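Chemist: Quick one: the structure is below, and I'll ask about it shortly.
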Amino acid sequence: MLAIFQGIFNGLSIGSVLLIAALGLAIVFGLMGVINLAHGELMMLGAYTTFLVQNGFKVLGDPWVNFYTLAAIPLAFLVAALVGLILERGVIRFLYGRPLETLLATWGVSLILQQSVRSINPRNVDVTPPAWLRGGIPIGAFQLPYARIFIIGLTILCVVAVYLFLNRSSWGLKIRAVTQNREMSACLGIPTAQVDALTFAIGSGLAGIAGCAITLLGSVGPNTGQNYIVDTFMVVVVGGVGNLFGSIVAAMAIGIVTYIVGSGTFALLLSPIESLKPLVDLFTFFATTSMAKVLVFALIIAFLQVRPAGIFPQKGRTAEL
Numbered sequence: 001m002l003a004i005f006q007g008i009f010n011g012l013s014i015g016s017v018l019l020i021a022a023l024g025l026a027i028v029f030g031l032m033g034v035i036n037l038a039h040g041e042l043m044m045l046g047a048y049t050t051f052l053v054q055n056g057f058k059v060l061g062d063p064w065v066n067f068y069t070l071a072a073i074p075l076a077f078l079v080a081a082l083v084g085l086i087l088e089r090g091v092i093r094f095l096y097g098r099p100l101e102t103l104l105a106t107w108g109v110s111l112i113l114q115q116s117v118r119s120i121n122p123r124n125v126d127v128t129p130p131a132w133l134r135g136g137i138p139i140g141a142f143q144l145p146y147a148r149i150f151i152i153g154l155t156i157l158c159v160v161a162v163y164l165f166l167n168r169s170s171w172g173l174k175i176r177a178v179t180q181n182r183e184m185s186a187c188l189g190i191p192t193a194q195v196d197a198l199t200f201a202i203g204s205g206l207a208g209i210a211g212c213a214i215t216l217l218g219s220v221g222p223n224t225g226q227n228y229i230v231d232t233f234m235v236v237v238v239g240g241v242g243n244l245f246g247s248i249v250a251a252m253a254i255g256i257v258t259y260i261v262g263s264g265t266f267a268l269l270l271s272p273i274e275s276l277k278p279l280v281d282l283f284t285f286f287a288t289t290s291m292a293k294v295l296v297f298a299l300i301i302a303f304l305q306v307r308p309a310g311i312f313p314q315k316g317r318t319a320e321l
């Protein structure tokens, strides 16, 4: 039972990173219909921003170095949001209504960002968690790392902030109006171009925060974003485009299943039952991170055959547009 609990907890932390990134992707895709393949590179920029902030705080020495994470989160958001704003104003706004060209353009931007970072520093870099995020809460023979608890808390904060922004602010009302009916919103005086730019910047900023969270799970490199971008798209598709609660459910499910299968926990739990040996052999075969993703993708494909619009599909006028 402790192994199951630890597997679920670690899966929740991975799902939390996917959720932060998927929030931005869902907002952008739901409003503008843009499939941004450079979203993973915006996560990478947020991660590298965290690395640079850490180095800056190291110059200040103790005790300031223990608070670099709190400064890195807003800075990662601002850096990724600024790059996203430049991308939207410089490239994407000329390609609205042309999904194939937008797809190819953002893919090209992702390659440019990857190569730019690789030319500066081709090696992965490590971000050391501050002292208050090291260690964890002991539970029996296992330990719940403070870093993963922090990631889950950061995700909850981002979800609440996005919900309040979309439902309690004037710009959030404008975003929801443009999402439902762009032409009517323009006729009513809503500046749709500014709404597009703001939405893309916010979505990109959320990717930057996800990149900051990634640094607490492992090293950072030019290919960091590519390790998460496909899973992030799957969260948006499985949850239902534009559905916040659906994205939460999908992110947690994908994160938990991927970790439990990939870590071999599921195969270990079934191994005492002799009659389930073929099933144990199957899950043992998938007991690596890469193979677990293959299994999860296969399950997602099967699920989409039954519910192609996701867990919570759009209804009403929004689904018709």
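Our numbering numbers the first residue of the sequence shown as 1 and each following residue consecutively.
Don't be surprised by glycine CBs; every beta carbon is placed ideally from N, CA and C.
Since the structure is predicted, the reported quantities are computational estimates derived from the model, not experimental observations.
1) For lysine 174, which residues of its own chain have a beta-carbon under 6 Å away from its beta-carbon, when the five flanking residues on both sides are left out?
2) Measure the Cβ-Cβ separation of threonine 179 and alanine 186 and say whether it is below 8 Å.
3) Since isoleucine 273 is in the beta strand (DSSP E), which residue starts that stretch and which ends it?
4) In this structure, does DSSP put serine 34 in helix, strand or coil?
5) Could you tell me the boundaries of the beta strand (DSSP E) in which glycine 136 lies?
6) According to the neighbour-count rule (16 or more other Cβ atoms, all chains shown, within 10 Å of its Cβ), is glutamine 143 buried or exposed?
7) Decide if the segment 194–213 is in contact with the segment 16–26; the criterion is three or more beta carbon pairs, one per stretch, under 8 Å apart.
8) Using only CA atoms, which one of Leu42, Asp281 and Ser275 lies nearest to glutamine 114?
9) Residues in the same chain with beta-carbon distance under 6 Å from phenylalanine 312, minus the five sequence neighbours each way, listed in chain order, please.
10) Apply the 10 Å Cβ neighbour rule to glutamate 88 and answer buried if 16 or more other Cβ atoms are within range, or exposed otherwise.
11) Identify, in the order they occur along the chain, each residue of the same chain with its Cβ nearer than 7 Å to the Cβ of alanine 47, setting aside the five sequence neighbours on each side.
12) To the nearest angstrom, how far is the alpha carbon of leucine 2 from that of leucine 269?
13) Measure the CB-CB distance between alanine 76 and threonine 49 and report whether it falls below 8 Å.
14) Which residue spans inside the segment 165–240 form an unbroken alpha helix (DSSP H) run of at least 4?
15) Of all the options Tyr96, Leu95, Gly255 and Thr199, which has the alpha carbon lying nearest to the alpha carbon of phenylalanine 165?
16) Please report the Cβ distance between proline 130 and phenylalanine 51, rounded to the nearest whole angstrom; I am assuming they are in contact, meaning their Cβ atoms lie under 8 Å.
17) Return the CA-CA distance between arginine 148 and glycine 7, expressed in angstroms with no decimal places.
Modeler: Inspection of the coordinates gives the following:
1) The answer, listed in chain order, is Ile190 and Val195.
2) no
3) No beta strand (DSSP E) contains isoleucine 273, which DSSP labels as neither H nor E.
4) Before going further, note that residue 34 is valine rather than serine in the sequence given. In this structure, valine 34 counts as coil in the three-state DSSP scheme.
5) 136–139
6) exposed
7) Cβ pair count under 8 Å is three or more, so yes.
8) Leu42
9) Gly240, Asn243 and Gly246
10) Glutamate 88 should be labelled buried.
11) Gly211, Cys212, Ile214, Thr215, Val220 and Thr224
12) 11 Å
13) yes
14) For the segment 165–240, whole alpha helix (DSSP H) runs of length 4 or above, ordered along the chain, are 170–180, 182–187, 192–214 and 226–239.
15) Thr199
16) Wrong, their Cβ atoms sit about 14 Å apart, outside the cutoff.
17) 12 Å
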